[in-house]
Amino acid sequence: MKFGVVVFPGTWSDVDCFDVIHDVLKEPVEYVWHKDTDLSAYDCIILPGGFSYGDYLRCGAIARFSPVMKSVAESVEQGKLVIGICNGFQILCEAGLLPGVLRANDHLQFRCQWTDLRVENQSTPFTSTLSEGQVISVPISHGEGNYFADPETLAMLERDNRVAFRYCGPAGEVTSEFNPNGSMNNIAGITNAQGNVLGMMPHPERCCDEILGGVDGTAIFESMARWASGDRMQKVQETTA
Amino acid sequence: MGLNDERIHMSVTKETLDQLAISDAEYEAIVERLGREPNELEVGLFGSMWSEHCGYKHSKPLLRLLPSDSPRMMVEPGAENAGVVDIGDDLAIVMKIESHNHPSAIEPYEGAATGVGGIVRDIFAMGARPIALLNSLRFGPLTDARNRYLFEGVVAGISGYGNCIGVPNVGGEVVFSPTYSGNPLVNAMCVGILKKGELVSATTGEPGHLIMLVGSGTGRDGIHGASGLASRAFEDDRELRPTVQVGNPFMEKVLIEACLEVAKTDHFIGIQDLGAAGLTSASVEAAASGNCGLDIDVALVPRRAEGMNPYEVMLSESQERMLIVVKKGHEDQVKAIFDKWDLDSTVIGTSTGDGLARIRDNGEVAGEIPVTLLTDPPLYRLQGVKPAWLTPLQQYDLASVPLPNASASEILHRLLASPNIASKEWVSRQYDHQVQTNTVVPPGGDGAVMRIKGTKKGISLATDGNGRICYLDPFVGGMIAVAEACRNVTCTGAEPIALTDCLNFGNPEKLEIYYQLEEAVKGIAEAGRALGAPVISGNVSLYNEAHGMDIYPTPVIGALGLLEDVSRHCSTGFLGAGDKVVLLGSTDLKGESASLAGSEYLELIHDLVAGQPALDLDLEVSLQRACRRLVSEGVAHSAHDCSDGGLAVTLAESCIAGDVGLTVNAEVSGRWDAALFGETQSRIALSLSAADLPKLERICVEEGVPWVELGITGGQILMIPGLLESSVAELRDSWQGGLPKALEYK
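Just so you know, the protein sequences line up as chains A and B, in that order.
In short: position in the first sequence from 1, add 112, done, that's the numbering used here.
In short: position in the second sequence from 1, add 1440, done, that's the numbering used here.
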């Protein structure tokens, strides 16, 4: 079981993600340069945060053409786990591996702050060590995290239980007051139809150590590791059946 | 071709000299030392290198007064791009603060953004990974639309650039005063870390090495930035817009990674960033450092504008460019690293043994000057004159200030909501302060705290500088800037081990301004020595004036503190109910009018800037030592220094941060406004459990520091019986709402 952390020019959460897998989970992990195309060694792939290619043109719009992204799409088909965090979420949307887009925050400013997230779906490979309705604290750091999708897509996401996390208050209340960027339905993270791709704007790798103010992010990476090292094949068969 | 080329005899126009801010006397000195008339390109080189910004003509003699004796220091101040201190564990911290005031006054977004970019390049040029940014900002009052535009633009520029390069922005200050209207101060500080053996020098080394230019193409942006913009007074800034550079933070981020990759190899001799005066100062300074000459051909420089002449190429301040001095024969290996990152890298010349800076254009010599002439500008040591208006201001009878009509509670709320004291969350939440996952205490307290991964250690960082106090007494103000910056990191438990200073002053050719500069530097030197913190790097920004008015003298001090055990740190918020709160240091609770000198209260409520500020340096040193022991020995639950707004504001901030009330039971007497809002120095409000009072007593006796018990935490009300009573929620509303309200955000 091995994690791969993809590095695009302009990525900056690569080291943070690497350190969590290596120091907190104590699992094998390697960096993957964006021009590499062989992902066969990895069971879990992390597309970290940052400003790939400066986010010029549109967030993630250039990075989706990096050679590694074709291999990421193939890995998704093979049932491997792919998590896109912040810029990684934006890249997954641009690449069509997740539906919808991330627009500029409704207040048009960058926001770096702690947010509370309600776990909406406990049955994904990314949330299995969390419980449904649980509120976790995870920081955001983005200027364009305002999730948008057309009404049909949004309805489908809700119907198929593909919203993984929503911004909420400390008691789990999902209201606009606690929405830091204007995202539709307070969406903070979604999964693909097969359930093996998660995109989320908040940064779980920033809250895996008490001294940084919280450890709620650890559960997401632990869920991935557990799923990937355990009953992965069974899950793939279930989800693709 | 040699210097007989016809074009060399082009006359240098008066206009050129003006653009370069070269005086007639300086031009004569150039002719005399060179033994001939320089051509236009050569005058450009002199103008850049002899500018106030690069040459420190008015400040260098004064900067020698600053303390630079510490066993931790690894390079001489000014010898490299930034200062370096040993923190043990085979690690060193690199840091520097730098101004980008004039560009930000003209184009706030790009001015501030490129200020961040410039200081970050100074850090990674030394082989250090940038791990923290801080910004010390000054603007005119937000009641003025232009000031709001500058403030919002500067914050957006810092956010836009800093967030993109993945370096956390962990602190700084924002202060508003009419003195900065039209001339904001934008001081950016960057801190980096490296393994001690990996320190990189900005030198050409011996003759025969290759000079490689990497990063962005060279355009016409920023020509005369160093000489014209930052080195003289100007009438109407808006004309100077083309001299402001445009930043590309993505390019910077990639440059950081590529240069740090090169820095780990042995294919190079030195790395130098291109900052003020672009290729000119980068190449000349590197050559001077290696006691070499240099021979470069501007035709080889990759351009992004057509038809640029040698003068423009040499003086361009296009951003995101670095100079790498590559060992001859290793250029392919270095180029391969830059190729990997899709960056241009071009060998443009060599270091030479003849001591001449030779600039060619397509092989033909376009200019040729001894390097040592360029790096040896005339220095001006003036005789400062104490301004005639200063003594009456200092002797102002503060006892004649009437007690206010409003209640203490009303005044506390006004102070908490005033933009200078109010929460700066509106600013800090626009900055990524967590990336790299080291930020233990985020912005908003006294000092930020960051862990050093792989060790038990941590560092604390803060900036401070009170222009109003310096205006009233530049010597005492200089001391207080150092004392407060050190006190801020001390409150986290960290020991101040190094300082970096940014000296923002008006026109030094005026003797009253020179007096301010000289006195402030002496004050910084005295306090730095007393507190054991050397000034390891810095920057001088002069000619800060608008509409004929000089700014307040504003030295900004950045402090680096070291925590041996990062798990033993404090922040400003009370930890919960039932703790004792004590005041350490200057503990007299009898309000004296003298403490109102230069206070925020006096200006906000009485519209008065007057009085004689004071600092007892011996008490300050003992206080800080005692406070650090109280934190490191696990006694203190919180510690917060008393500064702007005085004791009442300090206590209110600790209540807000800890979300708990406080009942003061100590007797407050004398002038209540002075007791609550006076700004006596050398005070720290600290909380601890009652059981630890004997330990506190022992440590304070050992360190010779007075202390007094103020009260006990609990409930949700800050109460000073008979004087002040307010709920924590109301205090928080005023404090958090102050800045958004001032910006008319609803």
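We put the CB at the ideal spot given by N, CA and C, even for glycine.
Kindly indicate which three-state DSSP category residue i falls into: helix, strand or coil?
i: VAL247/A; result: strand
i: ALA1642/B; result: coil
i: MET1629/B; result: strand
i: THR1658/B; result: strand
i: GLU1446/B; result: Here GLU1446/B scores only 40 on pLDDT, less than 50, and its place in the model should not be relied on; the value that follows carries that caveat. If DSSP states are grouped into helix, strand and coil, GLU1446/B belongs with the helices.
i: MET1566/B; result: coil
i: TYR1496/B; result: coil
i: CYS2067/B; result: helix
i: ILE1711/B; result: strand
i: ARG2172/B; result: helix
i: THR352/A; result: In this predicted model, THR352/A has a pLDDT of only 48, less than 50, meaning its place in the structure is not dependable; the value taken from the coordinates is given anyway. Residue state, collapsed to three classes: helix.
i: TYR279/A; result: strand
i: PHE1579/B; result: strand
i: ASP131/A; result: helix
i: LYS2020/B; result: strand
i: ILE1470/B; result: helix
i: PHE2014/B; result: coil
i: SER2122/B; result: coil
Can you have a look at residue i and say buried or exposed, based on whether 16 or more other CB atoms are within 10 angstroms of its CB?
i: ARG1678/B; result: Residue placement at ARG1678/B is flagged as unreliable, the pLDDT there being 49, under the threshold of 50; a coordinate-derived value is accordingly withheld.
i: THR1583/B; result: exposed
i: GLY2001/B; result: buried
i: HIS1649/B; result: buried
i: SER152/A; result: exposed
i: ASP2019/B; result: buried
i: VAL2168/B; result: buried
i: LEU1573/B; result: buried
i: HIS1853/B; result: buried
With a threshold of 8 Å between beta carbons, is residue i in contact with chain B?
i: PRO160/A; result: no
i: CYS224/A; result: yes
i: GLN234/A; result: no
i: GLY166/A; result: yes
i: VAL127/A; result: yes
i: PHE333/A; result: no
i: ILE248/A; result: no
i: GLU289/A; result: no
i: GLN202/A; result: no
i: PHE120/A; result: no
i: ARG318/A; result: yes
i: LEU324/A; result: yes
Note down the Cα distance separating residue i from residue j, rounded to an integer number of angstroms.
i: MET1629/B; j: LYS138/A; result: 35 Å
i: PHE130/A; j: LEU2059/B; result: 47 Å
i: PRO1936/B; j: SER2127/B; result: 22 Å
i: LEU2044/B; j: ARG2008/B; result: 37 Å
i: ALA1469/B; j: TYR1751/B; result: 21 Å
i: VAL2022/B; j: TRP1829/B; result: 40 Å
i: GLY1789/B; j: ARG1561/B; result: 22 Å
i: VAL1766/B; j: VAL118/A; result: 30 Å
i: ARG1969/B; j: PRO282/A; result: 49 Å
i: ILE1953/B; j: PHE1945/B; result: 7 Å
i: GLY381/A; j: GLU317/A; result: It is not possible to answer for residue 381/A, since the shown part of chain A is limited to 113 through 353.
i: VAL2061/B; j: LEU2136/B; result: 17 Å
Using beta carbons (cut-off 8 Å, strictly below), is residue i in contact with chain A?
i: HIS1873/B; result: yes
i: ASP1782/B; result: yes
i: THR1932/B; result: no
i: GLN1459/B; result: no
i: LYS2196/B; result: Coverage of chain B is limited to positions 1441 through 2186, which leaves residue 2196/B absent and any answer about it impossible.
i: CYS1926/B; result: no
Output yes or no for whether 8 Å exceeds the beta carbon distance between residue i and residue j.
i: ALA2066/B; j: ILE2139/B; result: yes
i: ASN1575/B; j: ILE1546/B; result: no
i: VAL286/A; j: ASN298/A; result: yes
i: GLN2052/B; j: LEU1939/B; result: no
i: GLY166/A; j: ASN199/A; result: no
i: PHE2014/B; j: SER2094/B; result: yes
Could you confirm whether any beta carbon from chain E is found closer than 8 Å to the beta carbon of residue i?
i: SER253/A; result: Annotation note: the requested chain E is absent from the structure, which comprises protein chains A and B.
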